[in-house]
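Our numbering numbers the first residue of the sequence shown as 701 and each following residue consecutively.
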Amino acid sequence: MKKLLIIFILLLPLVCAQDYNSYETLNVEVNVENTVEVTSSGYDVSYFITELSFFPKDYPYQSVSNEITTQPQAEVEEDETITITWDENSQSYTFEVKSEVERRTDFVEIRNKIDFPLLEVDEEVLMYLEETEFIDINEDIEDKALEIVQGEDDLYMAVFKLADWTENNIEYDLNTMTSDAVQSSSWVLENKEGVCDELSNLFISFCRSMGIPARFVSGMAYTNLLDDFGAHGWAEVYIDGEWVPFDVTYGMQGWIDPSHIKFEDGVDSSGSSASFQWKGSNLDFDIGELEIDTDIVSAEGTVSEYVDISMEALYADVGEDSYVPVQVTVENDNNFYVPVRVAITKAPEVIGDNVQSILLGPNEEKNIFFIVKVNNILEENVIYTTHLEAETMYGGIAEDSFNFGANKEVITESDAEEMIALLSGEENGEVLTGVELDCSMDKEAYYSEEEGILTCEVDGSVDQICFGDDCQSDSFTWDLDMDDYNSQRYVVIAEKNEKVKYEYFDLTIVDKPEFVITIDPLEFDYGDTISFDFNLDSTGKAKNIDIDIAEYGDISVNEINDEYSFTLPIDGKRFAKGSIQMDLTYEDALGVEYSESFVQEVEVSGVPFYLKIVYFFENLF
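Shown next as structure tokens:
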């Protein structure tokens, strides 16, 4: 009897930067440019200011050098934003930021297991737990996130599960790739579709709903769908003091390849790319979108394989129309966590997705399973051999084969599923079922000097309920001193027979806002138009802020969490009396209203003599 060898090949169907994920470093040239045209006639421009925030900057795993050119010539200040000021009357204003970027594979080595749920969060990242317009948190998001992580006690593993669920259950909608409208996380969960910003926002909402700080990242990334770089959004999650990248769109959970060029990060995706200010008369402008051109200069090095991989077809000989379970073993010999994405790249037919993602703890080995289906028998007197191949995104490859032919045992799909279930041990869950918890505080929000009462009601049998290290077996009430806590999501754990169930509650602690205001410059000339920099530092969250600047007017700000800065071009003659007065009205997070006044003495040179006399007599009366 003869044997016929047939090799079956599957292409990996991913919206990803797979062309470059095997490289350690990419050197990339990024050009950001824009031209603003004056469209009116008889115009006069005193000044025109552009503030650009969307451009590459120095970050971990990314080094940048910038060359900035303007037309006409302008004054340039470079920091987290690039401020370009033209004081020339012109028909058009053009700027170009040419960046040379060295981008390395972003792989953060997390070595320690962090207990989950988190009982406390570093104060400097508390802002990344808050709800926003796009990263909203409703009951459906909370319930789904809790369902996904239920029973997990490892923070990195919990985050990975949230990312993996988002990737596999939310459809990437190619029809809206160029859409300007961003939907909220709750909309994305309900409709099960979205683009990169929206998938990332939902994942961030999941994390924040579980008390895990996460932030939004925007930049450029290569996609083989366009065979080019395009604007892209992903997430970073705070784990053990490090920001770990998660790109749920590209399936890069816990790492990103060097084709991800980071421009900025923030609490959500709502930030603007550039802002414009001007002063003059009879002015109308045509302000187009930023033009961004990204070119790869060189690709260097090879990313570490990180793991060892092997595979085994769990049946060596099967009959026609059989379903064969395939075991892929992945071993991590490192003393840090390693996320791994495994794809079956050669097989006759894969049932379901040919790609799976797992997270390996330090020195951990895991098995993952696929099912492949053989073709119909072409000739009864022939034994066919089919080749199998699996590959990780790091480049590791494993191979195996099996035979099939007539008159051999037929393995049904249910047979294959039963074997996989037995080997994977899915029936041995650690989640406590049949118990309902309802935990809440006695008030919606507190000041830090207050005390509060946490009460949990339980429906079902438990051994104990724990809040932190305080476990109780009958009366589930805790007295909390707010001075010992931060505003964040906390967890209560019900235990019975070594199985657990989590219940989360939100604790909101409000600091009474107190402002410190600084103004620069404090010395200027009466006849000049000065760009005044105003900086407001607040000890607590303030909202509905109205700032009345005497001799100028009102400025309204929706919310200030920590610091707020703005720049106003004002004629020096408005403050010729030698002081700048600001009257503030605002509310704290509980809606309590406040008002205060601030006076800053300034030195104004060149004040006309007659005005000095007028101000002198005004001060007398």
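Every residue gets a Cβ at the ideal spot worked out from N, C-alpha and C, and that includes glycine. Just so it is clear, the structure is predicted and the values come from calculations on it, not from any experiment.
Judging by CA-CA distance, which residue of the options is the nearest neighbour of residue i?
i     : options                       : result
S741  : S900, L983 and L889           : L983
G988  : T794, R804 and P1025          : T794
L819  : L1284, D1184, L1268 and T750  : D1184
D1100 : N1107, E1091 and K1108        : E1091
Q850  : V997, P1269, Y1202 and G1240  : Y1202
I1058 : D1159, W955, S970 and E1150   : W955
E1064 : G1253, Y922 and M857          : M857
D1159 : Y1146, V1135, E1150 and C1171 : V1135
P1048 : T994, M1011, F1104 and S1010  : F1104
G1291 : F946, N1244, S970 and H932    : N1244
R803  : D815, V825, D758 and Q773     : D758
D1246 : G1240, E1259 and N1235        : E1259
V1302 : A1289, K1273, Y1294 and S753  : K1273
V882  : D968, D1220 and F1275         : D968
P760  : P958, E833 and D840           : P958
I848  : Y872, E893, D806 and F903     : F903
M1193 : F1167, F755, S1161 and K1108  : According to the sequence provided, residue 1193 is Ile. The question's Met does not apply to it. Among F1167, F755, S1161 and K1108, the Cα nearest to that of I1193 is on F1167.
Quick check on residue i: does DSSP put it in helix, strand or coil?
i     : result
E1150 : coil
G1095 : coil
L1311 : helix
F1275 : helix
A774  : coil
L711  : Only weak support is given to the placement of L711: the predicted model assigns it a pLDDT of 38, under 50, and the value that follows is read from those uncertain coordinates. Looking at L711 - three-state DSSP - the assignment turns out to be coil, as it is neither helix nor strand.
A1121 : helix
E1113 : helix
E1198 : coil
Y743  : coil
E788  : coil
V663  : The displayed coordinates of the chain run from 701 to 1321. Any statement about residue 663 would go beyond what the structure contains.
D1184 : helix
E1303 : strand
E820  : coil
D986  : strand
N766  : strand
L1290 : coil
V808  : coil
S918  : strand
I1247 : strand
N1258 : strand
S879  : Confidence at S879 is low in this model, with a pLDDT of 48, below 50, so the placement of that residue should be treated as unreliable; the coordinate-derived value is given next. In this structure, S879 counts as coil in the three-state DSSP scheme.
Check the DSSP bridge columns for residue i and list the partner residues they point to.
i     : result
F1104 : V1018 and Y1084
W1178 : L1154
W978  : F748
W887  : Beta-bridge pairing links W887 to no other residue.
I912  : I912 is not bridged to any residue.
P945  : E936
T1218 : N1235
I1009 : V1030
V1050 : V1072
Y1190 : F1205
P1213 : In the DSSP output, where bridge partners are listed per residue, P1213 has none listed.
State the start and end residues of the unbroken beta strand (DSSP E) segment that holds residue i.
i     : result
F795  : S792 to R804
M903  : Correcting the residue type first, residue 903 is Phe in the shown sequence and not Met. Where F903 is concerned, there is no enclosing beta strand (DSSP E), although the alpha helix (DSSP H) it sits in stretches over C896 to S909.
K1066 : E1065 to K1073
T735  : Y723 to V738
G1001 : E991 to T1002
L1060 : V1055 to L1060
D836  : That residue, D836, is in no beta strand (DSSP E); it is neither H nor E in DSSP.
L1132 : Taken as a continuous stretch (DSSP letters only), L1132 belongs to no beta strand (DSSP E), as it is neither H nor E.
F1036 : Per DSSP, F1036 belongs to no beta strand (DSSP E) and is neither H nor E.
F754  : Careful: F754 lies outside any beta strand (DSSP E) and carries neither H nor E.
Check the C-beta distance from residue i over to residue j and give it rounded, since I have them as a contact under 8 Å.
i     : j     : result
M1141 : L1088 : Their Cβ separation, rounded to whole angstroms, is 55 Å, which puts M1141 and L1088 out of contact at 8 Å.
A974  : E751  : 7 Å
V672  : Y1094 : Because the chain is modelled from 701 through 1321, residue 672 falls outside the range shown and cannot be assessed.
F1298 : M1282 : 5 Å
L1060 : V732  : Between V732 and L1060 the Cβ distance is about 39 Å, and since that is not below 8 Å, they are no contact.
P1213 : S1238 : 5 Å
V1003 : I810  : Going by Cβ atoms, the distance from V1003 to I810 rounds to 17 Å, so no, they are not a contact pair.
D1211 : S1148 : 6 Å
T781  : I749  : About 11 Å separates the two Cβ atoms, so there is no contact after all.
V937  : I912  : 6 Å
C1139 : L1154 : 7 Å
Grab the span of the alpha helix (DSSP H) containing residue i for me, first residue to last.
i     : result
K962  : Unbroken run through K962 is the beta strand (DSSP E), H960 to G966; no alpha helix (DSSP H).
T866  : L855 to N869
E1031 : First-last for E1031: Y1023 to N1032, but that is the beta strand (DSSP E), not the alpha helix (DSSP H).
L846  : E839 to V849
E1251 : Here E1251 belongs to no alpha helix (DSSP H), and DSSP marks it neither H nor E.
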